[in-house]
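Peer 1: Quick note: the sequence shown uses our numbering, first residue 2, plus one each step.
The C-beta atom is built at its ideal place from N, Cα and C for all residues, glycine as well.
Everything numeric in this text was worked out from a predicted model, so none of it was measured.
This is the structure, below, for whatever I ask next.
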Amino acid sequence: MSDLPAGVTGAIGRALAFNLRHHGQQFGMDNLRFTDLYVDVIKALKWVHSVDPAMAVRVARRALQDAADEGDKLPVPLKDSALCLRHSLTQSSVPYGKWSEDQADAFVTAVLLDIN
Numbered sequence: 002m003s004d005l006p007a008g009v010t011g012a013i014g015r016a017l018a019f020n021l022r023h024h025g026q027q028f029g030m031d032n033l034r035f036t037d038l039y040v041d042v043i044k045a046l047k048w049v050h051s052v053d054p055a056m057a058v059r060v061a062r063r064a065l066q067d068a069a070d071e072g073d074k075l076p077v078p079l080k081d082s083a084l085c086l087r088h089s090l091t092q093s094s095v096p097y098g099k100w101s102e103d104q105a106d107a108f109v110t111a112v113l114l115d116i117n
């Protein structure tokens, strides 16, 4: 069990899902994979990862599932969300730095494998 408060990780996950939906609407699903999510959202996810990598995977998994919810007016396809997250993780965020492509790939792969 993680020492991170559930309310904090839940808020980070909701912010990530909202950010994915917003960018999907603003830039279109075809361009989502090339857009950067808000740096504060990515910084928060990287912070969770630095404290508890398994919790970061669960937070991101839930966010991708929420963004892809078919009950939503404009669901974001899982593949597009995953590619956007992967791209955003490779952008610099102080103090967690810029993840390598391999690091981002490994994280997003772990997220996708965690989806039931």
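Alpha carbon to alpha carbon, how far is Gln-92 from Asp-37? Give it in angstroms, no decimals.
Peer 2: One-based indexing of the sequence shown puts residue 37 at position 36. One-based indexing of the sequence shown puts residue 92 at position 91. Cα to Cα, Asp-37 sits roughly 8 Å from Gln-92.
Peer 1: What span of residues does the alpha helix (DSSP H) with Ala-45 cover, start to end?
Peer 2: Along the sequence shown, one-based indexing puts residue 45 at 44. Taken as a continuous stretch (DSSP letters only), the alpha helix (DSSP H) holding Ala-45 covers 40-52.
Peer 1: Using only CA atoms, which one of Ala-107, Thr-10, Phe-19 and Cys-85 lies nearest to Ala-68?
Peer 2: Mapped onto the sequence shown, residue 68 falls at position 67. The candidate whose alpha carbon is nearest that of Ala-68 is Phe-19.
Peer 1: Take Asp-31 as the anchor and find which of Ala-12, Ala-61, Asp-81 and Lys-99 has the nearest alpha-carbon.
Peer 2: Walking along the sequence shown from the start, residue 31 turns up at place 30. If we check each option's Cα against that of Asp-31, Asp-81 comes out closest.
Peer 1: CB-CB under 8 Å to Leu-33, same chain, minus the five flanking residues each way: which ones, in chain order?
Peer 2: Counting from one through the sequence shown, the residue named residue 33 turns up at place 32. These residues qualify, in order along the chain: Leu-21, His-24, Gly-25, Val-77, Asp-81, Ser-82, Leu-84 and Cys-85.
Peer 1: Suppose you measure from the CA of Val-109 to the CA of Tyr-39; what does that come to, to the nearest Å?
Peer 2: The residue given as residue 109 occupies position 108 in the sequence shown. The residue given as residue 39 occupies position 38 in the sequence shown. Roughly 17 Å separates the two Cα atoms.
Peer 1: What is the DSSP secondary structure of Gly-11, counted as helix, strand or coil?
Peer 2: Position 10 of the sequence shown, counted from the first residue, corresponds to residue 11. Gly-11: helix per DSSP, three-state reduction.
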